[in-house]
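Following our numbering, the numbering of the sequence shown begins with 199 at its first residue and continues without gaps. The beta carbon of each residue, even a glycine, is placed where N, CA and C say it ideally should be.
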Amino acid sequence: MHNSLNRLQSVFGFFTTVAFTLGCLIALTDLWAERTPSGVIKATNTQVVKGRPHYYSSKKEEYAIIKFSLDADLSSLFTWNTKQLFVYVTAEWPAPEAGMNATNEAVIWDSIITNPSADHLVNLGPIGKKKLKASAGGKSIAPERGLLKLKNQKPKYQISHPSGKIASAEDVTLKVHYNVQPWFGLLTWNTQSDIGRWKSFAGGVSDQFSLPAVKVKDDKKKP
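Right under this line is the structure:
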């Protein structure tokens with residue numbers, strides 16, 4: 199005869215198996231949800247400065263500040279299994295010298311967009327949390343969730359290069375990336391090709407541009 203502890207372990211094991219199986223089935227339903235992300239991004243202002251880009255930098259170096267405009271529709275990424283969406287913009291440019299990295303890539307901006315049922319996870323004050331919970335209670339995902347309209351957006355992060363030089367870099371492009379974080383299942387990123395009903399990102403890549411040279415101020419003023 200099994201004692202009470204063995205019976206409790208059996209019940210708990212059966213419960214976790216059923217819960218895991220149900221979670222997997224819920225995660226698989228995402229494959230039937232159509233994903234059609236799209237967006238247009240362009241650089242609006244670029245500047246290269248020489249100094250210490252971070253307070254912990256030990257030496258002066260060149261770093262770039264890139265402002266951009268973004269008009270993206272990521273609303274189709276929000277389904278019943280979407281907890282939150284991580285969106286970020288990168289600047290990419292080829293290495294100027296042979297033997298270095300083939301492509302340089304750095305993040306200049308990012309943002310987290312939560313599902314209405316996960317709004318309380320945002321780092322907000324008690325008043326803001328209360329308003330978000332009240333607005334999301336009993337409501338489905340709002341259609342404007344995932345719509346980004348940024349104009350002349352300042353970057354969150356300045357970019358530099360291990361060599362300390364980044365001025366006059368050519369063939370720079372901005373790219374939009376996303377990471378879908380589900381309630382249950384695997385993390386998914388934007389893909390380069392279509393996978394069933396999941397379409398690749400339409401657009402999301404800017405035209406190529408060059409970074410300017412470092413602006414040097416004259417030591418003596420002209421009469």
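Tell me, which residues are paired with residue i by DSSP?
{"i": "residue 233", "result": "396"}
{"i": "residue 376", "result": "285"}
{"i": "residue 305", "result": "288"}
{"i": "residue 357", "result": "262"}
{"i": "residue 351", "result": "266"}
{"i": "residue 310", "result": "284"}
{"i": "residue 209", "result": "Answer is none; residue 209 lacks a bridge partner."}
{"i": "residue 389", "result": "Answer by DSSP bridge pairing: none, since residue 389 is not bridged."}
Counting only the same chain and skipping the five closest in sequence on each side, list residues whose C-beta sits under 8 Å from that of residue i.
{"i": "residue 272", "result": "235, 237, 283, 285, 311, 344, 345, 346, 376"}
{"i": "residue 411", "result": "246, 365, 366"}
{"i": "residue 275", "result": "233, 235, 283, 344, 376, 378"}
So is residue i buried or exposed if we call it buried at 16+ other beta carbons inside 10 Å?
{"i": "residue 280", "result": "buried"}
{"i": "residue 216", "result": "exposed"}
{"i": "residue 387", "result": "exposed"}
{"i": "residue 380", "result": "buried"}
{"i": "residue 181", "result": "This structure does not reach residue 181, given that the chain is present from 199 up to 421, and the question cannot be answered."}
{"i": "residue 209", "result": "exposed"}
Given residue i, which residues of its chain have a CB within under 6 Å of its CB, disregarding the five upstream and five downstream residues?
{"i": "residue 431", "result": "Beyond the ends of the chain as shown, which are 199 and 421, falls residue 431; an answer cannot be given."}
{"i": "residue 407", "result": "241, 370"}
Take residue i and list the residues in its own chain whose beta-carbon comes closer than 7 Å to its own, dropping the five residues that flank it on each side.
{"i": "residue 419", "result": "Since pLDDT at residue 419 reaches only 48, below the 50 mark, its modelled position is unreliable, and no value is offered."}
{"i": "residue 356", "result": "251, 261, 262, 263"}
{"i": "residue 383", "result": "225, 228, 279"}
{"i": "residue 302", "result": "290, 291, 293, 359"}
Which parts of the region 211-299 are runs of the beta strand (DSSP E), unbroken and 3 residues or longer, counting only runs that do not cross its ends? Here the runs fully enclosed are 236-249, 259-271, 280-292.
| message | So, does the region 255-266 touch the region 214-234, judging by three or more C-beta pairs under 8 Å? | response | no
Cβ contact (3+ pairs, closer than 8 Å) linking the region 348-355 and the region 391-401: No, the region 348-355 does not touch the region 391-401.
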